[in-house]
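Student: Sending over a structure as C-alpha cells; questions will come in a sec.
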Amino acid sequence: MRAISIPLPGGPEVLTLGEHPDPDPGPGQVLIEVAAAGVNRADVSQRLGHYPSPPGTSPLPGMEVSGTIVALGRGVVGRSIGDRVCALLPSGGYASLVVAEAALLLDVPDSMNLVDAAGLPETLATVWSNVFMLAGLRAGETLLVHGGSSGIGTTAIQLARAHGALVATTAGTDEKLAACERLGAVILINYRTEDFVERLLDATDGRGADVILDAIGGAYLDRNLNALAPRGRLAIIGNQSAARGTVDVRTLMSKWLTIHGSTLRARPSEEKAAIMASVRENVWPFVVAGQVVPVIDQRIPFAEAARAHRRLEASEHIGKLLLIP
Numbered sequence: 001m002r003a004i005s006i007p008l009p010g011g012p013e014v015l016t017l018g019e020h021p022d023p024d025p026g027p028g029q030v031l032i033e034v035a036a037a038g039v040n041r042a043d044v045s046q047r048l049g050h051y052p053s054p055p056g057t058s059p060l061p062g063m064e065v066s067g068t069i070v071a072l073g074r075g076v077v078g079r080s081i082g083d084r085v086c087a088l089l090p091s092g093g094y095a096s097l098v099v100a101e102a103a104l105l106l107d108v109p110d111s112m113n114l115v116d117a118a119g120l121p122e123t124l125a126t127v128w129s130n131v132f133m134l135a136g137l138r139a140g141e142t143l144l145v146h147g148g149s150s151g152i153g154t155t156a157i158q159l160a161r162a163h164g165a166l167v168a169t170t171a172g173t174d175e176k177l178a179a180c181e182r183l184g185a186v187i188l189i190n191y192r193t194e195d196f197v198e199r200l201l202d203a204t205d206g207r208g209a210d211v212i213l214d215a216i217g218g219a220y221l222d223r224n225l226n227a228l229a230p231r232g233r234l235a236i237i238g239n240q241s242a243a244r245g246t247v248d249v250r251t252l253m254s255k256w257l258t259i260h261g262s263t264l265r266a267r268p269s270e271e272k273a274a275i276m277a278s279v280r281e282n283v284w285p286f287v288v289a290g291q292v293v294p295v296i297d298q299r300i301p302f303a304e305a306a307r308a309h310r311r312l313e314a315s316e317h318i319g320k321l322l323l324i325p
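The sequence shown: position 243 = 243 (UniProt numbering), numbered continuously.
Right under this line is the structure:
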C-alpha cells in the first residue's frame, strides 16, 4: 500500500510517501480501501514528536478515513465487503489501506460524497462527546465555539443549531466569520479586533455562554470562566496556546461552573466505541438528512501532504483538509 510516514520528527517536509506492507484485519476489524484521510492538529503534534501513536497501533499518522470495506476480520457481523464507510482510528489513516475497528465505523449515505465523509468521524465524535455527552448542551442554551471555522468548529456550529442552541463563535477574519454565519452562528466575534468576553456578554444581556468549546487552552482559561453563564460548562479539547492557565476559584465557585478536559485519541477502545454508538444513534440521522454536512477546505493528494500540514498550521483553512491516496 501507499502510505505517509514520519521517519523523524520535524517540519512538514519530513512527511514521506512510500510503499508499506498491506495490513490485515484482526478479530472485530475490517480492512478499508481509503478514499480520503482527514488531517487533524493531532497529526501535526505527532509529526513534531509530541503525540505518538497509542501503544500497539500503527506508527503512521491519521485518525479518520472514508472508503470501502474490502475484507472482514473474524467475528465481524453486520458488515459486508463493498460497504461505504467512514472510520475513527487511533492512527494509520494516511494510507491507501487501513484497518479499523468495526465498532468505530459509520455508514456513508449514498447521497454523500465518499471522499468528503472522511471529514466527519473525528469532529463528530469530539463535538458530541464533549459538548453534549459531557457538557450537556440543551435546546435554548448558548454555545460559544472558539475557532468556529475549523473542522471541529464547523461541526459544532451545525450540531448545536440542529439541537436548538444559540451559537456564538470566534474567528480571526471576516471571511471565516461569514462562513460560520452561513452554518448558523449568530454571535460573530473577531478575536483579533474584539474582546470575546465583552462581546459575548453584550450580545447575551450580560449572561454569557452556557457551554464553551475551547481548543486554545491555558491562555483563554480565565477569560472563558468570565464568559460563562451561571452553572456554565467549559469543555477544553486542546491547548494550542501551549500556555498554563490560572483559575480564579471565587469565579468558579460563585457561578457554580464546571471545567471538563478531555482527549479522544488516547481513550480506551471501549470508550470510543460507546461514543461512536451514541453518534450513530443521536447524530448520524442529522447527517443522513443533510442538516449536518462535512465542510471541506481542500482535497490534497498524498504527495502534497506537507502542503496540507502547512495550511493547517497557518490556520488558513475553513473546515477540513483531506488527503487523497
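Even glycine gets a Cβ: it sits at the ideal position worked out from N, Cα and C. Quick caveat: nothing in here was measured; it's all calculated off a predicted structure.
Would you report the Cα separation of residue 105 and residue 120, rounded to the nearest angstrom?
Tutor: For the purposes of this step, residue 105 is identified with residue 105 of the sequence shown, where counting begins at 1. For the purposes of this step, residue 120 is identified with residue 120 of the sequence shown, where counting begins at 1. Distance between the alpha carbons of residue 105 and residue 120 is about 11 Å.
Student: Please classify residue 116: does DSSP put it in a helix, a strand, or coil?
Tutor: Numbered from its first residue, the sequence shown carries residue 116 at position 116. Looking at residue 116 - three-state DSSP - the assignment turns out to be helix.
Student: Just to confirm, are residue 192 and residue 218 a CB contact at a threshold of 9 Å?
Tutor: Indexing the sequence shown from 1 puts residue 192 at position 192. Indexing the sequence shown from 1 puts residue 218 at position 218. Result no, Cβ atoms of residue 192 and residue 218 do not sit closer than 9 Å.
Student: By DSSP's criteria, residue 324 is part of a beta bridge. Which residues make up the other side?
Tutor: Numbered from 1 along the sequence shown, position 324 holds the residue referred to as residue 324. Partner(s): 301.
Student: Which runs of the beta strand (DSSP E), 3 residues or longer, sit entirely within the segment 61–141?
Tutor: Runs of the beta strand (DSSP E) inside the segment 61–141: 64–72, 84–88, 97–101, 105–107.
Student: Would residue 32 and residue 98 be called neighbours here (beta carbons separated by less than 9 Å)?
Tutor: On the sequence shown, position 32 is the one that residue 32 refers to. On the sequence shown, position 98 is the one that residue 98 refers to. Yes. Within cutoff.
Student: Do you know whose CA, among 236, 281, 198, lies nearest residue 215's CA?
Tutor: The sequence position of residue 215 within the sequence shown is 215, counting from 1. Of 236, 281, 198, the residue nearest in Cα terms is 236.
Student: DSSP on residue 363, reduced to helix/strand/coil?
Tutor: Residue 363 lies beyond the stretch modelled for the chain, which goes from 1 to 325, so this question has no answer here.
Student: Which residue or residues does DSSP assign as beta-bridge partners of residue 341?
Tutor: With the chain covering only 1 through 325, there is no way to say anything about residue 341.
Student: Quick one: residues in its chain with C-beta nearer than 8 Å to the C-beta of residue 246, no 5 flanking neighbours on either side, listed in chain order?
Tutor: Stepping through the sequence shown from its first residue, residue 246 is reached at position 246. Hits under 8 Å: 221, 222.
Student: Under a Cβ-count criterion, where at least 16 other Cβ atoms within 10 Å of its own Cβ denotes burial, should residue 249 be classed as buried or exposed?
Tutor: Position 249 of the sequence shown, counted from the start, is the residue given in the question as residue 249. Result: exposed.
Student: May I have the straight-line CA-CA distance separating residue 43 from residue 312, to the nearest angstrom?
Tutor: Here the question's residue 43 lines up with position 43 in the sequence shown. Here the question's residue 312 lines up with position 312 in the sequence shown. If you take the alpha carbons of residue 43 and residue 312, they lie about 10 Å apart.
Student: Quick check on residue 46: does DSSP put it in helix, strand or coil?
Tutor: As a position in the sequence shown, residue 46 is number 46, starting the count at 1. DSSP places residue 46 in helix when its eight states are reduced to three.
Student: Going by the CB atoms, is the gap between residue 153 and residue 146 shorter than 9 Å?
Tutor: To locate residue 146, count along the sequence shown from 1; it is residue 146. To locate residue 153, count along the sequence shown from 1; it is residue 153. Contact flag set, yes.
Student: Leaving out five residues on either side along the sequence, give the residues of the same chain with a beta carbon under 7 Å from the beta carbon of residue 52.
Tutor: Along the sequence shown, one-based indexing puts residue 52 at 52. 46, listed in sequence order.
Student: Which residue wins for smallest C-alpha separation from residue 241, given the options 282, 41, 12?
Tutor: Walking along the sequence shown from the start, residue 241 turns up at place 241. Out of 282, 41, 12, 41 has the C-alpha closest to the C-alpha of residue 241.
Student: Per the contact definition of three or more C-beta pairs closer than 8 Å, is the segment 194–210 in contact with the segment 117–133?
Tutor: Short answer: they don't touch.
Student: May I ask you to list the residues that DSSP assigns as paired with residue 188?
Tutor: In the sequence shown, residue 188 corresponds to position 188, counting from 1. According to DSSP, which records beta bridges pairwise, residue 188 is partnered with 169.
Student: Could you say if the segment 176–192 and the segment 153–163 meet the contact criterion of at least three C-beta pairs nearer than 8 Å?
Tutor: Yes: at least three Cβ pairs fall under 8 Å.
Student: I'd like to know if the segment 86–100 and the segment 253–262 are in contact, where contact means that at least 3 CB-CB pairs between them fall below 8 Å.
Tutor: Too few Cβ pairs lie closer than 8 Å, so no.
Student: Within 10 angstroms of the Cβ of residue 253, are there 16 or more other Cβ atoms? Answer buried if so, exposed if not.
Tutor: Here the question's residue 253 lines up with position 253 in the sequence shown. Its Cβ having fewer than 16 others within 10 Å, residue 253 is exposed.
Student: How should residue 16 be labelled, buried or exposed, when 16 other C-beta atoms within 10 angstroms of its C-beta is the threshold for buried?
Tutor: The count along the sequence shown starts at 1 and reaches residue 16 at position 16. It is exposed - the Cβ of residue 16 has fewer than 16 other Cβ atoms within 10 Å.
Student: Terminal residues of the continuous alpha helix (DSSP H) containing residue 198?
Tutor: Against the sequence shown, residue 198 aligns to sequence position 198. Run containing residue 198: 196–203, per the alpha helix (DSSP H) assignment.
Student: What do you get for residue 281, buried or exposed, if any count of 16 or more other CB atoms within 10 angstroms of its CB means buried?
Tutor: Here the question's residue 281 lines up with position 281 in the sequence shown. Residue 281 is exposed by the Cβ-count criterion.
Student: Let's test the definition: count the other Cβ atoms within 10 Å of the Cβ of residue 75 and tell me whether it reaches 16, buried, or not, exposed.
Tutor: Residue 75 sits at position 75 when you count from the first residue of the sequence shown. With fewer than 16 Cβ atoms within 10 Å of its Cβ, residue 75 is classed as exposed.
Student: Once DSSP output is grouped into helix, strand and coil, what is the label at residue 291?
Tutor: Position 291 of the sequence shown, counted from the start, is the residue given in the question as residue 291. Three-state DSSP puts residue 291 in coil, outside helix and strand.
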